[in-house]
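Beneath this line is the structure, given in structure tokens, with notes to follow.
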Amino acid sequence: MNVVNTLKKIFCIVADYREISPLLQTLSFKQINHNLYSHIGPNYHLDLYIVHVWGSMAMLEALQNYPRSSTDYDLWINLGFAGACSPKIPLGKCYNINQIGKLSNDSPPRLTEDLHYVLESLPDSLPQNSLVTSPTTYHYGFHETFKLVDMEGYAIASEAAYYEIPCAFLKIVSDYTIPGDNPLDKRAQKLSENLTQILLKALPELIKTATPPKVLLPCL
């Protein structure tokens with residue numbers, strides 16, 4: 001963790017460029033390599049890492065290929081789209097994730113008995129919701145207990161917990177978990193613009209309040 005530089009060092013992790021492209025146009029980033037972009041703000045140093053691939057395995061490999069991620073940062077933030085598992089959750093709404101679980105490889109997937117993670121001390125500026133991470137694209141219809149679903153969050157939470165790094169997850173609802181609903185076809189640009197503005201507004205609060213994920217028992 002950064003203890004020398006007075007600027008807070010933030011590692012922002014995104015799976016797909018389309019989820020956050022407006023951020024690169026809003027802030028003055030310097031491209032370091034294919035994946036990494038760097039920006040110096042008024043009281044923070046923000047590194048944006050775009051994996052360009054969805055899925056937990058790709059995310060874990062990306063983090064392992066960038067070992068500084070576990071030593072050089074005061075805060076991790078995972079931004080991205082998430083599917084809604086209930087029609088009561090509105091499209092385009094952004095949530096601060098407070099619990100993360102893992103789904104199995106079954107068809108349809110079920111909640112596994114792997115450790116679940118809870119994120120505490122979340123800011124009040126955004127509503128909170130729980131997240132499950134699926135190994136594949138989840139289009140199995142609505143679910144009685146699942147709220148939001150993505151493909152990377154659990155991998156990031158497990159790494160942050162292992163290294164005791166404070167982290168936050170901002171997920172904007174892009175689609176419903178029903179067959180044929182593709183957010184990248186219809187809503188990606190507007191969603192990514194909104195997600196960028198929400199991040200910039202919430203960033204000072206996240207810097208102050210984020211804590212490392214903790215193991216949650218029992219499961220969700």
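Residues in the sequence shown are numbered consecutively from 1, following the UniProt record's numbering. Quick reminder that beta carbons are idealized off the backbone N, C-alpha and C, glycines included.
Classify Asn30: buried if its beta carbon has 16 or more other beta carbons within 10 angstroms, exposed otherwise.
What sits at residue 30 in the sequence shown is Lys, not Asn. That one is exposed.
According to DSSP, is Ala84 part of a helix, a strand, or is it coil?
Ala84 falls in the strand class under three-state DSSP.
Which residues bound the alpha helix (DSSP H) around Ser130?
Note, Ser130: premise wrong, no alpha helix (DSSP H); beta strand (DSSP E) at 128 to 133.
Return the CA-CA distance between Asn182 and Val173, expressed in angstroms with no decimal places.
12 Å
Does DSSP put Ala210 in a helix, a strand or coil?
coil
Only counting the same chain, and skipping five residues up and downstream in sequence, which positions put a Cβ closer than 6 Å to that of Pro22?
Ser192, Glu193, Thr196
Any idea if Met59 is buried or exposed, counting beta-carbon neighbours within 10 angstroms, 16 or more meaning buried?
Looking at its Cβ environment, which holds 16 or more other Cβ atoms inside 10 Å, Met59 is buried.
Confirm the yes/no value for this check: CB of Asn65, any heavy atom of the ligand PLP, distance under 8 Å.
Questions concerning the ligand PLP fall outside what the structure shown contains, since it holds no ligand whatsoever.
If we ignore side chains and look at the alpha-carbon of each, how far apart do Phe146 and Ser130 end up?
8 Å
By the three-class DSSP mapping on this structure, what secondary structure does Thr71 have?
The three-state secondary structure of Thr71, taken from DSSP, is coil.
Could you name each continuous alpha helix (DSSP H) segment of 4 residues or more that falls completely within the stretch 143 to 211, going from the start of the chain to the end?
Entirely contained in the stretch 143 to 211, the alpha helix (DSSP H) runs reaching 4 residues are, in chain order, 153 to 163, 183 to 186, 188 to 209.
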